[in-house]
Amino acid sequence: MEALEETEEVEQTPEDANSLNISDFLDDLEVDVTGEEASVPSDVPGFDWSSIDTSHLPSSYKTNSRQEKELLQLADHFLEQYTHLCPDRKPLFVHPVNECGVQKFVSTTLRPTLLPFPELYYWSGCASFVCDYLVMEPLKCPITLPSSLYSPTTILRYQRGNCFDFTVLLCSLLIGAGYDAYCVHGYATLEMCSLDQTQEVCPLLRKPPEVPEEEDPNKYRIKYTLEPQSKFELQQKAKKEEEIEPEQEEEKEEEVVTEVEKPKRDPLHGLRVHAWVLVLSGKRKVPETFFINPFTGNHHSTTDECFLGIESIWNHRNYWVNMQDCRQGCKDLSFDLSDSICWEIMFSESNEPSQLPTESPKKDTDDMEKGEIDMSFEMPLSWVARIKVSYREYENPFSQGKKVILYNKAKLEKWAAYANGDGLVERVTVYADSDCTEEVEVKEWFKHREDLLYMREVNKQTQLITDYFRPGHPLLLKAHSYTSLEPETGHTVEYYHTARVDGLWKRFENATEMTEYFVGREDFLHMRHIELGERDKNVQMAGIGTDANPRPIVQIKEYFHRNPEKPADEDIEERIFMVIDDIIQLTYHLELHDTIASKVVFCRVIGREKREDEIFLSRENSVTYQPWSSEKHKNMLHLYNLLWELRAEQKLLKQQVRDSEAEMLNILTVREDEEANIKLSVSMYNAAKRGQQHEA
1 MEALEETEEV EQTPEDANSL NISDFLDDLE VDVTGEEASV PSDVPGFDWS SIDTSHLPSS
61 YKTNSRQEKE LLQLADHFLE QYTHLCPDRK PLFVHPVNEC GVQKFVSTTL RPTLLPFPEL
121 YYWSGCASFV CDYLVMEPLK CPITLPSSLY SPTTILRYQR GNCFDFTVLL CSLLIGAGYD
181 AYCVHGYATL EMCSLDQTQE VCPLLRKPPE VPEEEDPNKY RIKYTLEPQS KFELQQKAKK
241 EEEIEPEQEE EKEEEVVTEV EKPKRDPLHG LRVHAWVLVL SGKRKVPETF FINPFTGNHH
301 STTDECFLGI ESIWNHRNYW VNMQDCRQGC KDLSFDLSDS ICWEIMFSES NEPSQLPTES
361 PKKDTDDMEK GEIDMSFEMP LSWVARIKVS YREYENPFSQ GKKVILYNKA KLEKWAAYAN
421 GDGLVERVTV YADSDCTEEV EVKEWFKHRE DLLYMREVNK QTQLITDYFR PGHPLLLKAH
481 SYTSLEPETG HTVEYYHTAR VDGLWKRFEN ATEMTEYFVG REDFLHMRHI ELGERDKNVQ
541 MAGIGTDANP RPIVQIKEYF HRNPEKPADE DIEERIFMVI DDIIQLTYHL ELHDTIASKV
601 VFCRVIGREK REDEIFLSRE NSVTYQPWSS EKHKNMLHLY NLLWELRAEQ KLLKQQVRDS
661 EAEMLNILTV REDEEANIKL SVSMYNAAKR GQQHEA
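Residue numbering for the sequence shown follows full-length UniProt numbering, starting at 1 and increasing by one per position.
Right under this line is the structure:
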């Protein structure tokens, strides 16, 4: 039904709105079709549908069978009864002409088809294919129905159409995939009818809903008192703010008016004709009924305010007219099609009498009682030829090479697979302003890359680049953040730690430090921090490479989780090796009742030369504080053995640090080579693409 306009804002009756001079009114109406600008190339201003070649089309396109003629007569009689009982309703979309100028019933224009692509077995894949493959064309008049409805095969051939063409093609694919889908003729907002998404958030930038944090179970924690404040000073401050607030609000209002123009109310609100898809719950385990906007491929709730009313719906078997009030849009509509009060069915699926009796001209009406006419009718088969989409067409859905969609402070670009040499298929550019002049962030998605790179984020303000990899990279990379591929310029690398022996999942390195994070290690190590010094400048000036002139290791810190199998005073929590100062410091874990941790410090003996295989231990160069340990842990022999173990550990740690530096250098070298020589993988089942690759 037609969505009613608010009488408070527009002082005219619906009858006056229907009597508007449409041609004069549309001259002043500016329809901003963002999607059309993005899809239609500049060198093709418009497409002339009257010039298409129909000579090759089958005979079913050009003529009607006996059953189709009978169907059209039944539909005409239904329309007569409908206009007689509902004279204030808008005309229904029942039997427009096709591309050959022949009237066809809308249900027979649907051709249920299941295409041989796994993604098209699901509604999301069908919707995204249709909105990407076709170019949107607005209706010639936004408040009247189109005079024609072309077959899905013709729409696929020329890759363009209006909202009804989009809907019929999408509904054909959904019914073929097993969904309980219907085409909808109704009314929608200007933004939805014109594919204007400049006020919406880009779907790729929407954050998942935040999970509420659980409350702190400790109800009896100490509450610290706040600093004392003067009530008089607070009152004076509040008075000043009250005086300043009105002035600031006026200034803000002026700025808002000057900077951002308020969106004007659409004069055709509630009158704009639109078509979309309705998917009922039940089949294919659909839990809840929903709408699909064919222009965007997005699903919407049936209570979405963008949908302002429904006139009728149809599938490949029948046609239903909505008899419910749509003054509140589609919020309160019932989609129980078996309810004859809410939905008037055109061809009864049983012998129950209909509210709008339809008679067949070939039946003798005298033999039937009035109001008890047999309404059962078998819908003819679709006159449309089989819908076919080749693998090449499916892999390259964009007729103009790429598709651009403008969102609120964002721009989305899409390419077909293998269209770009680097495998780029999607790019989202985030802007700081609504005019899209200042770039803030760029996100890119890739496919079929041999280096398994699938996403890249670029922060335009900090120039920080983050690459994300799928599992299977030779270096086990998961993510890599950097500003330059030059070594020692600040790199953060994440690994698939389950595939590594050492459990390393993250490493950060710059010119002065390196930090490594571990997961699931048997020794309970979870972090290692290394401080590095500057290289010898004299050796650097001599031209010797970084391998022969490594950075000196200043300090190594290791942090361990609690090992429940050890006593706390024997379980090390922090281990510090001050390599240059020759100091080793140990800090142990705390028990639940402890307040001060046990510590052991080994210092260098002043005035004594250091020898590699010699350990000198005395009361002067060892400091212990172990109040909770037993006496055997405090004697010198125990400390001597501990120091021997720590010296050996320090030697191994030095080598591990050098190995980590070499691994980082190798990663940068490999990544630099991968970016310089990007290779795309081709599936063994893609014979066409393999043939092109072989020829190249």
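For each residue, glycine too, the CB sits at the ideal point set by N, CA and C. If you're wondering where the values come from, they're calculated on a predicted model, not measured in any experiment.
Cβ pair residue i, residue j closer than 7 Å
i: Y454; j: P471; result: no
i: F560; j: E570; result: no
i: P58; j: A432; result: no
i: Y179; j: V279; result: yes
i: M379; j: S107; result: yes
i: I553; j: V579; result: yes
i: Y407; j: Q197; result: yes
i: K460; j: E439; result: yes
i: F524; j: N563; result: yes
i: H95; j: C193; result: no
i: E591; j: R575; result: no
i: L643; j: F602; result: yes
i: V97; j: S60; result: no
i: E441; j: R456; result: no
i: I584; j: L646; result: yes
i: R272; j: P142; result: yes
i: P152; j: V135; result: no
i: L71; j: F105; result: yes
i: A568; j: H589; result: yes
i: W320; j: I313; result: yes
Supposed contact pair residue j and residue i - C-beta distance, whole angstroms, cut 8 Å
i: S172; j: R111; result: 5 Å
i: A410; j: T429; result: 7 Å
i: S481; j: T466; result: 4 Å
i: F47; j: G186; result: Not a contact, Cβ separation roughly 26 Å.
i: I667; j: L532; result: So it is not a contact: roughly 18 Å between Cβ atoms.
i: N318; j: I345; result: 6 Å
i: E516; j: S660; result: 7 Å
For residue j and residue i, the rounded distance between their alpha carbons
i: L20; j: P294; result: Confidence is the limiting factor: at L20 the pLDDT is only 38, short of 50, which leaves the residue's position unreliable, though a coordinate-based value still follows. Cα to Cα, L20 sits roughly 29 Å from P294.
i: C183; j: K62; result: 24 Å
i: V600; j: L586; result: 5 Å
i: H448; j: A127; result: 23 Å
i: residue 751; j: D339; result: Outside the displayed range of the chain (1 to 696) lies residue 751, so it cannot be described from this structure.
i: S51; j: P138; result: 19 Å
i: D53; j: Q400; result: 22 Å
i: L680; j: N420; result: 10 Å
i: Q235; j: P208; result: 42 Å
i: E672; j: H491; result: 14 Å
i: S683; j: L477; result: 23 Å
i: G520; j: G503; result: 6 Å
i: A676; j: V425; result: 19 Å
i: N510; j: E649; result: 24 Å
i: G423; j: K403; result: 16 Å
i: W123; j: N162; result: 20 Å
i: T189; j: G270; result: 7 Å
i: residue 697; j: I530; result: The structure shown has nothing for residue 697, since the chain only spans 1 to 696.
i: S434; j: I405; result: 14 Å
i: A499; j: Y625; result: 40 Å
i: E450; j: R427; result: 20 Å
i: V623; j: N635; result: 12 Å
i: L665; j: T113; result: 54 Å
i: R507; j: E486; result: 16 Å
i: A177; j: V501; result: 46 Å
i: K69; j: F347; result: 15 Å
Open item on the list: I want to know whether the segment 190-205 touches the segment 281-298 - three or more CB-CB distances under 8 Å.
Closed with: Between the segment 190-205 and the segment 281-298 there are three or more inter-stretch CB-CB distances shorter than 8 Å, so the stretches are counted as touching.
TODO: Quick one: which unbroken beta strand (DSSP E) runs of 3-plus residues sit fully inside the UniProt domain "CEP76/DRC7 peptidase-like" (273-346)? Chain order, please.
DONE: Considered as a whole, the UniProt domain "CEP76/DRC7 peptidase-like" (273-346) harbours 273-279, 290-292, 299-301, 307-314, 319-322, 343-345 as its complete beta strand (DSSP E) runs of no fewer than 3 residues, in chain order.
Task: Segments of 4+ residues assigned as alpha helix (DSSP H) that fall wholly inside the segment 118-142 - done: For the segment 118-142, the full-length alpha helix (DSSP H) segments reaching 4 residues or more read 123-133 along the chain.
Open item on the list: For the structure I just gave you, are there three or more beta carbon pairs, one from the segment 329-349 and one from the segment 301-309, closer than 8 Å?
Closed with: Yes: at least three Cβ pairs fall under 8 Å.
- [ ] Tell me, please, whether the segment 145-162 touches the segment 385-402 by the rule of three or more beta-carbon pairs shorter than 8 Å.
- [x] Yes: the two stretches touch, three or more of their Cβ pairs being nearer than 8 Å.
Open item on the list: Tell me whether the segment 121-137 and the segment 89-97 touch, counting them as touching only if at least three CB pairs, one residue from each stretch, are closer than 8 Å.
Closed with: They do not touch, by the three-pair rule.
Open item on the list: Suppose only complete runs of 3+ residues qualify. What are the beta strand (DSSP E) ranges in the segment 492-551, listed by chain order?
Closed with: Listed in chain order, the beta strand (DSSP E) runs fully inside the segment 492-551 are 504-509, 513-518, 525-532, counting runs of at least 3 residues.
Task: Uninterrupted alpha helix (DSSP H) stretches inside the segment 142-212 (no shorter than 4 residues) - done: Listed in chain order, the complete alpha helix (DSSP H) runs (minimum 4 residues) inside the segment 142-212 are 152-158, 163-176, 190-193.
Task: Ordered list of alpha helix (DSSP H) runs contained in the segment 558-605, each at least 4 residues - done: Listed in chain order, nothing qualifies, since the segment 558-605 has no complete alpha helix (DSSP H) run of 4 or more residues.
Open item on the list: I'd like the ranges of any alpha helix (DSSP H) spanning at least 4 consecutive residues and lying wholly in the segment 391-434.
Closed with: Whole alpha helix (DSSP H) segments, 4+ residues: 391-395.
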